[in-house]
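Q: In UniProt numbering, the protein residues as written are 1 to 293. We put the CB at the ideal spot given by N, CA and C, even for glycine. Please read all numbers here as calculations on a predicted model, not as lab measurements.
(1) Taking 6 Å as the limit between beta carbons, can you name the residues of its chain near residue 69, skipping five residues before and five after?
(2) Based on the DSSP secondary-structure assignment, which residues constitute the bridge partners of residue 112?
(3) Is it buried or exposed for residue 29, if we count other Cβ within 10 angstroms and need 16 for buried?
(4) Among 195, 200, 206, which one has its Cα closest to the Cα of residue 179?
(5) Using the beta-carbon count (16 or more within 10 Å), is residue 187 buried or exposed?
(6) Helix, strand or coil: which one does DSSP assign to residue 11?
(7) Exposed or buried, what is residue 23 when buried is set at 16 or more other beta-carbons lying within 10 Å of its beta-carbon?
(8) Pair every Cβ in the segment 219-231 with every Cβ in the segment 157-171, then say whether three or more of these pairs are closer than 8 Å.
(9) In angstroms with no decimal places, state the Cα-to-Cα distance between residue 10 and residue 34.
(10) Where are the alpha helix (DSSP H) runs, 4 residues long or more, that stay fully inside the segment 195-246, in chain order?
(11) When the Cα of residue 299 is compared with those of 21, 268, 280, which residue comes out closest?
(12) Using 10 angstroms around the beta-carbon of residue 263, count the other beta-carbons present and answer buried if the total reaches 16, otherwise exposed.
(13) Using CA coordinates, which residue listed in 182, 112, 142, 148 is at the minimum distance from residue 157?
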């Protein structure tokens, strides 16, 4: 089946309403992106932010008559001047195959690979995590996850207990278990993340060593390593909760931090932890600290 895209340039305050209009006029999907390529790294908790000039794109069947839709948009109060729009024809493709072709095995450190299940394993002798992109965050492609995986690859994890705070797909907990950890605890506010973590642990043969919890049910423990791959805001707000998991002489690894946020995050943990030099990949920083005696 062929498709037609209608992309409309909308002011920030009206972008979601324009998206609603496109859906109300038959769009099968609506996406938003920035007209000027200015990223929003960390919106306030519970808020969805749009860009000053937002491109709102609706996907329609190719035979759709766009004239009535454009008329409705022009008659709306959402545009200060002339309606700016463009249309694009999309060729009929096997979109699932196209999506799958974008994912390849990725190596982290010396021993660790993350491999989609439909790809051949590059190195059968390596530590291979079989993980497919899904509904939960964490496939290793993002720098925040990649930094944590590379750090884990360089550690002696034999017999260690790991906490994966904000576990998402469970990738960090599973990597730690495959690298020798004895026990891993995944914690996340999203029930779907816990389901994904369990399924991925089963796929990788470590389900018997992984426990998953919502924050309301999280256990008390003293872990050897706590990994928190979230964002700077939650890292500061939940500092008391996160650091309580770290046992004596334990490691704390935090990712999802921008360079300008380093000092604020460190300040929330400095009385208890001694930090190493920050590690940066692209626009993201990973912090490692040891709990003081």
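A: Straight from the coordinates:
(1) Numbered from its first residue, the chain shown carries residue 69 at position 69. For residue 69, the CB contacts under 6 Å within the same chain, skipping 5 residues up- and downstream, are 25 in chain order.
(2) The residue given as residue 112 occupies position 112 in the chain shown. 108, 127.
(3) One-based indexing of the chain shown puts residue 29 at position 29. Classification of residue 29: exposed, given that the 10 Å Cβ count is below 16.
(4) Taking the chain shown and counting its residues from 1, one reaches residue 179 at position 179. When each option's Cα is compared against that of residue 179, the closest is 206.
(5) Numbered from its first residue, the chain shown carries residue 187 at position 187. Counting every other CB atom within 10 Å of its CB across the protein chains shown gives residue 187 a total of 16 or more, marking it as buried.
(6) Along the chain shown, read from residue 1 onward, the residue named residue 11 stands at position 11. Secondary structure of residue 11 (DSSP, three-state): strand.
(7) Position 23 of the chain shown, counting from 1, holds the residue named residue 23. By the neighbour-count rule (16 or more Cβ atoms within 10 Å), residue 23 is not buried but exposed.
(8) The segment 219-231 and the segment 157-171 touch, with no fewer than 3 CB-CB distances between them shorter than 8 Å.
(9) Counting from 1 along the chain shown, the entry for residue 10 is found at position 10. Counting from 1 along the chain shown, the entry for residue 34 is found at position 34. So the two alpha carbons sit approximately 10 Å from each other.
(10) The DSSP assignment places complete alpha helix (DSSP H) segments of no fewer than 4 residues inside the segment 195-246 at 232-237, 239-244, in order along the chain.
(11) The structure shown does not extend to residue 299, since the chain spans only 1 to 293, so no value can be given for it.
(12) For the purposes of this step, residue 263 is taken as the residue at position 263 of the chain shown. With a 10 Å radius around the Cβ and a threshold of 16 neighbouring Cβ atoms, residue 263 comes out exposed.
(13) Within the chain shown, residue 157 is the residue found at index 157, counting from 1. Of 182, 112, 142, 148, the residue nearest in Cα terms is 182.
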